[in-house]
Amino acid sequence: MQRLRDSLLLGCSIRSDRDVALAGLVLHNLGKNGLSRIIMALCREDFQRIPELAINPLGDRIINAFFIEGEDQVNFRGFMRTLAHFRPIEDNEKSKDVSNSEPLNSRNNKLLFAFRLYDLDKDDKISRDELLQVLRMMVGVNISDDQLGSIADRTIQEADQDGDSAISFSEFVKVLEKVDVEQKMSIRFLH
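Under the working numbering, the first residue of the sequence shown is numbered 110, with each subsequent residue one higher.
Below is the structure:
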């Protein structure tokens with residue numbers, strides 16, 4: 110069960126303050142009146158320049174989480190909104206979602222963020238095929254397809270409570286109930 114919990118969170122932690130250096134990327138552009146203005150927009154390539162994301166097997170999935178579907182840039186507000194999920198829990202008063210009373214960095218929202226990294230087709234369930242795709246991203250060619258299939262089957266068997274051969278968000282939460290998500294999915298900023 111511990112291995113299952115660890116595998117479900119593997120790749121979801123951003124562990125370096127260098128990851129946050131992206132917040133400092135600012136493009137300067139001269140406006141029509143000659144005054145300098147700041148454009149707060151980042152593209153996928155900006156994220157891919159972060160070494161920890163570039164080598165992370167789930168780096169593309171993490172990067173995609175910052176972008177609205179169909180958009181190729183994220184503004185500063187969108188960037189910070191996504192990054193708010195990684196604030197330590199003790200700071201949750203500062204990152205409330207205005208449309209929701211629950212803070213963006215709450216345990217539930219951190220787990221939802223992690224769940225969405227696995228739910229590739231966005232149907233609110235992690236299927237065997239989705240789990241296999243993510244496992245392949247994480248382990249590459251180090252494990253045979255048969256071994257990966259066994260891991261995926263066992264993971265779903267352990268987590269699936271309603272017998273639909275998939276992992277729902279509530280089942281995902283149940284499997285990870287003893288994992289310190291608040292710590293594993295937090296970035297500590299230096300003061």
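Even glycine gets a Cβ: it sits at the ideal position worked out from N, Cα and C.
On a CA-only basis, which of Gly168, Ala163 and Thr191 is nearest Phe176? Give me that one, please.
Measuring from the Cα of Phe176, the nearest candidate turns out to be Thr191.
8 angstroms Cβ shell around Ile172 - same chain, five flanking residues per side excluded
Arg153, Phe156, Gln157 and Leu162
Using the rule of at least 16 other Cβ atoms within 10 Å of the residue's Cβ for burial, across every protein chain shown, is Glu280 buried or exposed?
With 16 or more Cβ atoms within 10 Å of its Cβ, Glu280 is classed as buried.
Given this structure, state the Cα-to-Cα distance separating Ser274 from Val250, to the nearest angstrom.
25 angstroms
Note the first and the last residue of the continuous beta strand (DSSP E) segment covering Asn217.
Unbroken run through Asn217 is the alpha helix (DSSP H), Arg216 to Tyr227; no beta strand (DSSP E).
Bridge-paired residues (DSSP) for Lys234
Looking at the DSSP output, Lys234 shares a beta bridge with Ser277.
Run of the beta strand (DSSP E) containing Gln184, from where it starts to where it stops
Rather than Gln, the amino acid found at residue 184 in this sequence is Asn. Gln182 to Asn184 is the extent of the beta strand (DSSP E) around Asn184.
Contact check, Ile226 vs Leu167 under 8 angstroms by CB: the rounded distance?
Correcting the residue type first, residue 226 is Leu in the shown sequence and not Ile. The Cβ separation is near 6 angstroms, so the contact holds.
Please work out which residues of its chain come closer than 6 angstroms, Cβ to Cβ, to Val75, disregarding the five sequence neighbours upstream and downstream, and give them in chain order.
There is simply no residue 75 to check, as the chain begins at 110 and stops at 300 in what is shown.
Compute the beta-carbon to beta-carbon distance between Phe278 and Leu221, rounded to the nearest angstrom, for a pair I have assumed lies under 8 angstroms.
7 angstroms
N-terminal and C-terminal residue of the beta strand (DSSP E) that Ala150 is part of
Ala150 to Cys152
Between which two residues does the alpha helix (DSSP H) holding Ile265 run?
Asp254 to Ala268
CB of Val195 within 8 angstroms of CB of Ser295, strictly
What sits at residue 195 in the sequence shown is Phe, not Val. Taking 8 angstroms as the Cβ cut-off, Phe195 and Ser295 qualify as a contacting pair.
So, with DSSP's three-state summary, where would you put Ala193?
helix
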